[in-house]
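Below: one structure, written as structure tokens.
Protein chains: 2
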Amino acid sequence: MDNTKPKRNCLISIYSKNKRIVSFAKQLDRLGFNIYSSEGTAKYLKQNKIETINIQKLTGFPPIIDHRVVTLHPKIHAGILAKNTKDHEKELRQLKIPKFNLIIVDIYPVWDGIKSGNLEKVLDLIDIGGPSMLRAAAKNFNNGSTVVCDVRDLSWVVDRIEKNGGVNLEERKKLAAKVFKLMLRYDSAIAEFLSEDKKQKLRYGENPHQKGWFEPDSNIDPLAIQNFNQIQGKELSFNNYLDIDAAVFALSQVGGKKPACVIIKHTNPTGFSVKESIENVYESAWYEGDPLAAFGGVIGLNRSINENLAKQMLVGKNKERKFFEVLLAPSIDKDALKLLATRKYLRVLINPALKNPKPSINRDFKKIRGGILYQDSDVNEIREKNLKVVTKKKPTKKQIKDLLFAWKAVKLCKSNAVSLVKNQTLIASGVGQQDRKESCKIAVMKARDLSRGKSKSTPLDSVAASDAFFPFPDGPRILIDAGVKAIIQPGGSVRDQETINLCNKKGISMVFTSTRSFRH
Amino acid sequence: MDNTKPKRNCLISIYSKNKRIVSFAKQLDRLGFNIYSSEGTAKYLKQNKIETINIQKLTGFPPIIDHRVVTLHPKIHAGILAKNTKDHEKELRQLKIPKFNLIIVDIYPVWDGIKSGNLEKVLDLIDIGGPSMLRAAAKNFNNGSTVVCDVRDLSWVVDRIEKNGGVNLEERKKLAAKVFKLMLRYDSAIAEFLSEDKKQKLRYGENPHQKGWFEPDSNIDPLAIQNFNQIQGKELSFNNYLDIDAAVFALSQVGGKKPACVIIKHTNPTGFSVKESIENVYESAWYEGDPLAAFGGVIGLNRSINENLAKQMLVGKNKERKFFEVLLAPSIDKDALKLLATRKYLRVLINPALKNPKPSINRDFKKIRGGILYQDSDVNEIREKNLKVVTKKKPTKKQIKDLLFAWKAVKLCKSNAVSLVKNQTLIASGVGQQDRKESCKIAVMKARDLSRGKSKSTPLDSVAASDAFFPFPDGPRILIDAGVKAIIQPGGSVRDQETINLCNKKGISMVFTSTRSFRH
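Order-wise, the sequence lines are chains A and B.
When the letters of the first sequence are read in order and numbered with the working numbering, they come out as residues 2 to 521.
When the letters of the second sequence are read in order and numbered with the working numbering, they come out as residues 2 to 521.
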């Protein structure tokens with residue numbers, strides 16, 4: 002310790018009084034600090050034979066209205082907030098205000114009130130003075146303020162003071178950041194408690210034994226789920242929300258220029274199509290996709306539903322009853338609504354923004370054990386000009402349109418994924434696989450199985466998309482042998498040339514996007 | 002307005018001065034409020050011909066240290082915080098403090114500083130007095146305080162005062178909640194800015210064109226990713242984090258009693274096994290699972306890695322080079338480490354808690370467009386006593402062990418999923434499918450393809466698990482025809498009896514868990 006320095010000042014205000022704080026206060030006393038403390042803390046330390054200066058002596062103001070206002074005084078806050086400038090120092094001297102170098106505050110445990118569920122208790126436990134001192138001290142870290150909001154930090158902080166004479170700038174910054182982190186948790190818990198209506202309780206989570214909630218954010222995205230108007234049907238389930246999100250993602254990729262329809266099951270598409278008329282596009286998505294898997298799915302459209310379309314949705318080509326759980330559309334005719342109302346459980350959600358759906362630009366995140374993974378939304382759109390043809394054979398104009406659509410479809414699928422597209426319609430997909438060859442195999446198997454009318458050996462005559470590069474030509478070989486005529490993929494494998502050679506040998510075309518589209 | 006009532010008091014402190022506040026102040030003046038305002042606001046309103054009471058008159062204390070302390074005064078905070086009790090009212094009268102009924106504060110736009118990236122500017126813009134008044138007023142909403150932290154609310158608030166004489170309790174509560182929501186966003190932005198090191202920038206997100214970050218939480222879960230010690234290899238990627246999370250989930254389900262190994266690719270298992278020795282369990286997970294898909298995966302173990310095991314991991318049975326991206330283990334021998342160090346990109350992560358891994362009890366959440374879906378963790382464990390045998394044939398003791406393990410394996414798989422297990426080892430899985438029949442088909446196809454040595458028509462002689470009920474007997478038929486001898490599934494379909502009849506006819510056993518295990 003440099004004894005020529007003026008005495009340093011410490012401010013202590015502790016809610017949870019215990020021996021730990023006593024021992025640190027003793028150390029600080031020994032290290033030559035003037036210790037100022039709020040009334041309760043002063044009393045407690047005095048009982049433990051540590052003399053401190055009651056801040057009332059500084060403020061000349063007694064605690065009022067049942068101690069609801071104790072530390073909210075300009076002399077205290079000036080002592081915390083003053084900068085290391087001559088002007089400020091002079092002002093403090095004139096007003097006889099100590100400059101606080103070390104601020105230790107343990108705020109009221111509002112969580113105890115929240116656990117009790119009692120509003121009065123929560124409100125009583127909302128600390129105002131403590132957070133004010135903490136935030137002020139944190140704001141001033143670059144002027145020498147050391148702020149401790151977690152008594153567990155006292156041990157190393159006091160150690161630093163003893164050994165190095167103080168806590169360095171970098172460490173003070175960390176302590177300051179910790180204050181704002183504490184405050185955000187604190188105020189977030191209060192906000193959640195006060196707005197019970199915000200987190201909506203769902204029937205359950207992904208499974209009946211898990212509780213589930215939906216918390217709408219306050220963003221103004223017109224396609225946010227809370228901006229859909231549910232006009233009929235059962236309450237949305239946790240898994241409905243997930244599938245609706247996937248359906249909106251699908252439609253936002255194709256926009257509003259042409260009628261589009263997507264059908265989602267377990268977050269993956271069973272059908273996806275873009276056509277000239279809304280009736281055709283629905284028929285393609287349902288029948289040219291996987292009508293078996295579509296059973297119980299979420300259907301999303303970017304055009305109004307008329308009576309004719311509603312009929313198609315309820316009764317199939319062979320007069321069979323068609324069942325689906327959720328319907329999303331920009332609007333719906335009265336007559337169509339009358340028809341759909343006969344299915345009283347069917348959830349119908351209307352949002353005019355579906356007419357011209359745009360991708361979300363909000364940041365995406367995923368929970369893992371220990372924290373959160375954040376990432377930018379995948380708003381990257383691949384257009385014709387981004388494609389690099391790598392084979393001798395060039396794709397036709399029609400194939401290019403299908404390749405671009407197949408890319409949108411594969412972006413929608415869970416990785417690893419391969420999608421097969423024909424006439425702007427998804428005819429099969431191999432999704433969520435552990436390896437790419439398997440995705441190819443599954444996509445082809447499904448397309449074959451689904452071509453019920455035709456022979457299983459008829460060439461598919463489709464295009465294919467892969468969400469990441471092919472590490473080997475084994476996957477493409479399966480696709481080509483089944484009759485795939487053009488492939489879109491990112492490219493970038495060390496073995497790209499082998500795959501290109503295969504395509505050249507088989508006389509099909511391949512284009513690279515130079516962009517991957519994993520979606521887990 | 003009830004003219005017999007005493008004049009009400011309003012406190013205004015506005016950072017962004019504009020005409021909007023002028024018009025509202027005029028209205029409040031007309032409605033008979035005494036308007037107190039902080040110096041800058043008072044000046045601005047005066048320019049616009051509205052006389053207000055400068056709070057300095059109330060406090061008798063001038064703004065000090067460059068206005069860093071203006072409103073932090075006990076008289077102001079007592080006026081905000083006093084309850085509607087006789088004692089408090091008396092105290093206010095004695096101290097000549099007005100009781101503030103309406104508190105309007107527009108805090109400093111710290112976001113402007115954050116956008117600029119300039120630390121000094123951020124610190125200067127951290128508001129202390131404003132938040133203190135807002136939080137105090139919010140705390141006191143049930144004593145008549147109406148708090149406005151967003152000037153856009155002034156329109157309806159002033160309207161209510163004019164029409165109903167005030168804002169009702171429910172609305173005041175909403176305004177209070179809004180304060181804490183604002184503060185959590187405010188302090189969260191500051192915390193993030195001050196702790197650049199907290200959100201760790203990743204090389205990129207799921208795809209190279211998306212930025213990615215990992216933000217560790219502050220929980221003390223020993224298996225939180227930040228409690229793993231990376232002792233060698235490249236930086237973890239976004240997708241590594243996801244796969245590590247799945248690997249830890251897998252191991253936490255089987256615990257530490259017996260050696261266990263899991264291999265993850267794209268969040269799904271390619272291998273998963275529990276055996277008596279760690280070398281055997283690794284060999285089973287790799288070779289009896291899907292060794293092709295395991296290429297480039299994440300391997301997790303619940304036992305220490307010795308030299309012998311390390312050798313097995315690097316070089317295969319046929320002397321082939323085996324490649325994997327991440328290795329997780331509770332510990333590692335020196336000799337093993339020396340061997341693994343020859344693969345300098347290989348990420349090796351050590352965490353002693355893997356010796357006896359426990360499930361996470363933290364709440365899970367998923368981002369969707371418009372908000373967040375929360376749910377309890379799926380910590381439900383199915384034991385033998387939870388099983389209900391529904392077939393004439395009862396599973397053998399060995400089959401029960403395999404069925405319970407198949408259930409753990411299918412819980413790990415992305416839905417829809419079917420897992421095939423033999424001798425406590427996952428031999429194939431059909432994951433992430435849009436329909437259950439397809440999952441059965443894929444699982445069988447993979448198991449067939451993988452039985453390279455044996456004939457493709459050899460009965461699998463395994464057990465199977467399905468993560469949700471079979472809606473029809475078509476899926477089980479595929480499994481049974483391939484040689485599956487026992488099936489575990491939740492049960493609960495209206496057609497359960499058809500599936501049970503099929504099992505009885507084919508002479509296999511089936512058990513119900515009564516619990517679903519979707520994982521999307």
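No residue lacks a Cβ here, since even glycine has one placed at the ideal position from N, Cα and C.
If we cut at 8 Å on Cβ distances, does residue i have a partner in chain B?
i               : result
glycine 301/A   : no
tyrosine 16/A   : no
glutamine 376/A : yes
valine 319/A    : According to the sequence as given, residue 319/A is asparagine; it is not valine. So no, asparagine 319/A is outside the interface.
lysine 486/A    : no
glutamate 523/A : Outside the shown range of chain A (2 to 521) lies residue 523/A, about which nothing can therefore be said.
lysine 101/A    : Note that residue 101/A is phenylalanine in the sequence shown here, rather than lysine. Not one chain B Cβ lies under 8 Å of phenylalanine 101/A.
arginine 478/A  : no
serine 361/A    : yes
serine 133/A    : yes
proline 227/A   : This sequence places glutamine at residue 227/A; proline is not what is there. With 8 Å as the cut-off, glutamine 227/A counts as an interface residue toward chain B.
Establish whether the CB of residue i and some CB of chain A are separated by less than 8 Å.
i                : result
tyrosine 242/B   : yes
histidine 601/B  : For chain B, the structure presents residues 2 to 521; residue 601/B sits outside this window and is missing.
lysine 408/B     : The question names lysine, yet the displayed sequence has tryptophan at residue 408/B. No, its Cβ sits nowhere closer than 8 Å to a Cβ of chain A.
isoleucine 221/B : no
aspartate 218/B  : yes
lysine 174/B     : yes
isoleucine 129/B : yes
arginine 136/B   : yes
Note down, in chain order, every chain B residue with its Cβ under 7 Å from the Cβ of residue i.
i                   : result
aspartate 30/A      : Near aspartate 30/A there are no residues of chain B at all, since even the closest Cβ is about 28 Å away, more than 7 Å.
glutamine 435/A     : Lys266, His267, Asn269, Thr271, Asp291, Ala294
alanine 465/A       : Neighbours of alanine 465/A on chain B: none; closest Cβ ~18 Å, over 7 Å.
aspartate 246/A     : Ile369, Arg370
asparagine 505/A    : By Cβ distance, chain B contributes nothing, its closest Cβ being about 26 Å from asparagine 505/A, past 7 Å.
histidine 191/A     : The question names histidine, but residue 191/A is isoleucine in the sequence shown. Result: Phe181.
phenylalanine 366/A : Lys368
alanine 83/A        : Ile66
Starting from residue i, find everything on chain B with Cβ-Cβ shorter than 8 Å and list it in chain order.
i               : result
threonine 268/A : His521
Give the straight-line distance between the Cα atoms of residue i and residue j, rounded to the nearest whole angstrom.
i                : j                   : result
glycine 256/A    : valine 464/A        : 22 Å
glycine 431/B    : valine 391/A        : 34 Å
glutamine 48/A   : threonine 147/A     : 26 Å
isoleucine 129/A : alanine 294/B       : 57 Å
glutamine 95/B   : isoleucine 66/A     : 12 Å
lysine 412/B     : lysine 389/A        : 41 Å
isoleucine 479/B : arginine 322/A      : 26 Å
isoleucine 489/B : threonine 516/B     : 11 Å
histidine 89/A   : tyrosine 109/B      : 22 Å
methionine 2/B   : phenylalanine 194/A : Only weak support exists for where methionine 2/B lies, its pLDDT of 40 falling under 50; the value from the coordinates is given anyway. Each residue's Cα considered, the two are about 33 Å apart.
Contact check, residue i vs residue j under 8 Å by CB: the rounded distance?
i                : j               : result
lysine 259/B     : tyrosine 346/B  : With 8 Å as the limit, lysine 259/B and tyrosine 346/B do not qualify as a contact, their Cβ atoms being about 31 Å apart.
asparagine 352/A : proline 331/A   : 6 Å
valine 299/A     : alanine 248/A   : 5 Å
lysine 415/A     : arginine 520/A  : 6 Å
asparagine 417/B : histidine 68/A  : Actually they are not in contact, since the Cβ atoms of asparagine 417/B and histidine 68/A sit about 59 Å apart, beyond 8 Å.
serine 133/A     : serine 133/B    : 4 Å
serine 17/A      : aspartate 107/A : 6 Å
alanine 43/A     : asparagine 35/A : Their Cβ separation, rounded to whole angstroms, is 13 Å, which puts alanine 43/A and asparagine 35/A out of contact at 8 Å.
Given that residue i touches chain B, what residues does it touch there, using C-beta distances under 9 Å?
i                : result
asparagine 143/A : Leu120, Glu121, Leu124
Which bits of chain A does residue i rub up against, with CB to CB less than 9 Å?
i               : result
glutamine 254/B : Those do not exist, as glutamine 254/B stays about 13 Å from chain A at its closest Cβ, beyond 9 Å.
Along chain A, in chain order, which residues have C-beta atoms closer than 7 Å to that of residue i?
i               : result
valine 249/B    : Arg370
glutamine 211/B : Gln376, Asp377, Asp379
Between residue i and the ligand ADP, is the CB less than 7 Å from at least one heavy atom?
i             : result
leucine 293/B : Questions concerning the ligand ADP fall outside what the structure shown contains, since it holds no ligand whatsoever.
Tell me the start and end of each unbroken beta strand (DSSP E) in the segment 245–270 of chain B that is at least 3 residues and wholly inside, in chain order. Those beta strand (DSSP E) runs which fall completely within the segment 245–270 of chain B and span 3+ residues are 261–266.
Give the list of continuous beta strand (DSSP E) stretches no shorter than 3 residues that lie fully inside the segment 406–441 of chain B. Runs of the beta strand (DSSP E) inside the segment 406–441 of chain B: 419–423, 426–431.
Can you list the alpha helix (DSSP H) stretches of 4 or more residues lying completely in the segment 136–189 of chain A, in chain order? 155–165
Could I get the ranges of all uninterrupted alpha helix (DSSP H) runs contained in the segment 38–105 of chain B, with 4 residues as the minimum, in chain order? 40–48, 56–60, 75–82, 87–96
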